[in-house]
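Notes follow once the structure below has been shown.
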Amino acid sequence: MAISKASARKKQRAQARAAARHVQLLPVYDVIVLGGGAAGLVCAITAAEAGAATLLIEKDYECGRTILATGNGRCNFTNLYLEAKYFNKPDFVEPVLGATPLKDILDFFRESGLMWTQKEGRLYPRSLSAASVRAVLLHRAQRAGVVVACCREVQTTCYDRTSGLYQLSVQEIFDEHSPGKQIQLGAPKLIVASGGGSCGFLDSLGLSRIDTRPGLCALSCKPSLLNQLDGKRSQASLALFKGPFPHMIEKGEVLFRSYGLSGIAVFNLSRTAEPGDVIEIDLVPEYSEGEIGQRIFELGTQDTSYDGILDPAIAQVVLRMAHDASEQNLAHFIKHVPTVVSSLADTAHAQVTRGGFACSSFDPTNLEARDYPGLYCVGEALDIDGACGGFNLSWAWKSGMVAGAHAASSPASKPDSHQ
Numbered sequence: 003m004a005i006s007k008a009s010a011r012k013k014q015r016a017q018a019r020a021a022a023r024h025v026q027l028l029p030v031y032d033v034i035v036l037g038g039g040a041a042g043l044v045c046a047i048t049a050a051e052a053g054a055a056t057l058l059i060e061k062d063y064e065c066g067r068t069i070l071a072t073g074n075g076r077c078n079f080t081n082l083y084l085e086a087k088y089f090n091k092p093d094f095v096e097p098v099l100g101a102t103p104l105k106d107i108l109d110f111f112r113e114s115g116l117m118w119t120q121k122e123g124r125l126y127p128r129s130l131s132a133a134s135v136r137a138v139l140l141h142r143a144q145r146a147g148v149v150v151a152c153c154r155e156v157q158t159t160c161y162d163r164t165s166g167l168y169q170l171s172v173q174e175i176f177d178e179h180s181p182g183k184q185i186q187l188g189a190p191k192l193i194v195a196s197g198g199g200s201c202g203f204l205d206s207l208g209l210s211r212i213d214t215r216p217g218l219c220a221l222s223c224k225p226s227l228l229n230q231l232d233g234k235r236s237q238a239s240l241a242l243f244k245g246p247f248p249h250m251i252e253k254g255e256v257l258f259r260s261y262g263l264s265g266i267a268v269f270n271l272s273r274t275a276e277p278g279d280v281i282e283i284d285l286v287p288e289y290s291e292g293e294i295g296q297r298i299f300e301l302g303t304q305d306t307s308y309d310g311i312l313d314p315a316i317a318q319v320v321l322r323m324a325h326d327a328s329e330q331n332l333a334h335f336i337k338h339v340p341t342v343v344s345s346l347a348d349t350a351h352a353q354v355t356r357g358g359f360a361c362s363s364f365d366p367t368n369l370e371a372r373d374y375p376g377l378y379c380v381g382e383a384l385d386i387d388g389a390c391g392g393f394n395l396s397w398a399w400k401s402g403m404v405a406g407a408h409a410a411s412s413p414a415s416k417p418d419s420h421q
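Just so it is clear: in the sequence shown, position 179 is 181 by the working numbering, and no numbers are missing.
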């Protein structure tokens, strides 16, 4: 009898938890990395390869599972046009990216054994499987000697200025239904790579945090005839208005949903969109209004002339919307189809978490906390987010490299030197 996928996953989890139970830990390491996602893995690898005794702590039963969901399972791991301007805080991001960010990332993955391909500037593993990216990172972490401790959750953290160590209270969770024992660990260098607002264990340090919220997701729009187009797609240009002038313009595929809009272009608008903002959809961005008007005039019958330009279902809805709005210039309307933002939508599948620790608390040249020597934040733990297209993973990789290298190379703080 075939084993169901659910049974197979349950068995996999059980095996992974059993393996995690057998990982023996020392009380003190040179570097402890919290979070085994994209940033945490690269950070731990970089620190270990530089000679630091490195422990990677992950709450889940395996590291890198968040990587598997990126790029719809294909993992768009970087972008040929990687620049700081595609992030919310470019002045902070620029020194982290450095002079050759794309080369640095590609060199790292080449050395890890990954081959890749690209489409429209977006780079993917050649296998078009995120599992390939995760696998090469896990293999390299093992080769580098990173001690990977899964099924362990940090409860509290404090900085002992006398010893110069960050003291962690860690809960073992080998059993899904009952917690295990608590253990104490320490390190002079602590790197926080756990994103998504899951950093409450650092509250005792008093670091400034920006409230987290979903980013890069669909938008719910006020009810309109567009809601009837659920599942239809169109290449378009979208202009987000917060007043009389466009605040942001994105081009790409738009997916119409019963609640509003989705697709990469919409995800990018969601970074700044707010309730009440207007989005104008240009359904034929490659043609001018005059060209569309001439085409309609030549065909002579306006009620059917859209069918060869747009999906007929979209054309029918656009015509009805134009009629309801008493719009006589159909060529103009097809390039300015309006909808009003109500809220973010489908946030459970948001591609990033916005917010996190305030960048002002960290040195952008090495990502070390200004007031806490040996404390670093990387990836989504910081209030940094980028556009769709591999930029957020690029930030994860590059910030992990920078913090891991600095943590491994800089001397530990001397006891009592920061009192």
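Ideal Cβ placement from N, Cα and C applies to all residues, glycine included.
**Study point:** Beta-bridge pairing of E255 - partner residues as DSSP gives them
**Key:** Answer is Q237, bridged to E255.
Tell me, which residues are paired with P216 by DSSP? Bridge pairing for P216: T355 [DSSP].
(request) Check A17 in the structure and name its three-state DSSP category. (result) Here residue 17 is Gln; the residue named in the question, Ala, does not match the sequence. For Q17, the three-state secondary structure derived from DSSP is helix.
Query raised in the report: For A356, is the classification buried or exposed, using 16 other Cβ atoms within 10 angstroms of its Cβ as the cut-off for buried?
Result: Correcting the residue identity first, residue 356 is Arg in this sequence and not Ala. Burial call: buried.
Please classify R142: does DSSP put it in a helix, a strand, or coil? The answer is helix: DSSP assigns R142 an H, G or I state.
Quick one: what's got a C-beta closer than 6 angstroms to D387's C-beta in the same chain, skipping five residues either side?
N90, G217, V354 and R356.
Distance cut-off 7 angstroms: D279 Cβ against heavy atoms of the ligand GTP: For the ligand GTP, the structure offers nothing, since it holds no ligand at all.
Could you say if the segment 177–196 and the segment 316–323 meet the contact criterion of at least three C-beta pairs nearer than 8 angstroms? No, the segment 177–196 does not touch the segment 316–323.
- Task: Tell me whether R76 sits in a helix, a strand or coil according to DSSP, three-state version.
- Result: In this structure, R76 counts as coil in the three-state DSSP scheme.
- Determine the closest residue to C219 out of R273, Q230 and Q237, with distance taken between C-alpha atoms. Of the candidates R273, Q230 and Q237, the one whose C-alpha sits nearest the C-alpha of C219 is R273.
Could you check the C-alpha separation between R19 and G147 for me, to the nearest Å?
-> About 20 angstroms.
Q.
Measuring straight from C-alpha to C-alpha, what distance separates K87 and A143?
A. Here the C-alpha atom of K87 lies approximately 31 angstroms from the C-alpha atom of A143.
- For K183, which of R23, N368 and G402 has the nearest alpha-carbon? For K183, the nearest C-alpha among the options comes from R23.
Is it buried or exposed for K337, if we count other Cβ within 10 angstroms and need 16 for buried? K337 comes out buried.
For E382, count neighbouring C-beta atoms within 10 Å of its own C-beta (all shown protein chains included) and say buried if the count is 16 or more, exposed if not. By the neighbour-count criterion, in which a residue is buried when 16 or more other Cβ atoms sit within 10 angstroms of its Cβ, E382 is buried.
> Candidates L84, A360, E276 and A21: which alpha carbon is nearest L346's?
Replying inline: Residue E276 holds the alpha-carbon nearest to the alpha-carbon of L346 among L84, A360, E276 and A21.
I'd like to confirm the pairing. Which residues does DSSP put opposite I193 in its beta bridges? Partner(s): V35 and Y378.
Proximal residues to G406 (C-beta, below 6 angstroms), its chain only, five neighbours per side dropped:
Cβ within range, chain order: C45, T48 and A49.
> Counting along the chain, where does the alpha helix (DSSP H) carrying L395 start and finish?
Replying inline: Unbroken alpha helix (DSSP H) run through L395: F393 to S411.
- Query: Under a CB-based cut-off of 8 angstroms, is P375 close to chain B?
  - Reply: As a matter of chain content, chain B is missing from the structure shown, which is built from one protein chain.
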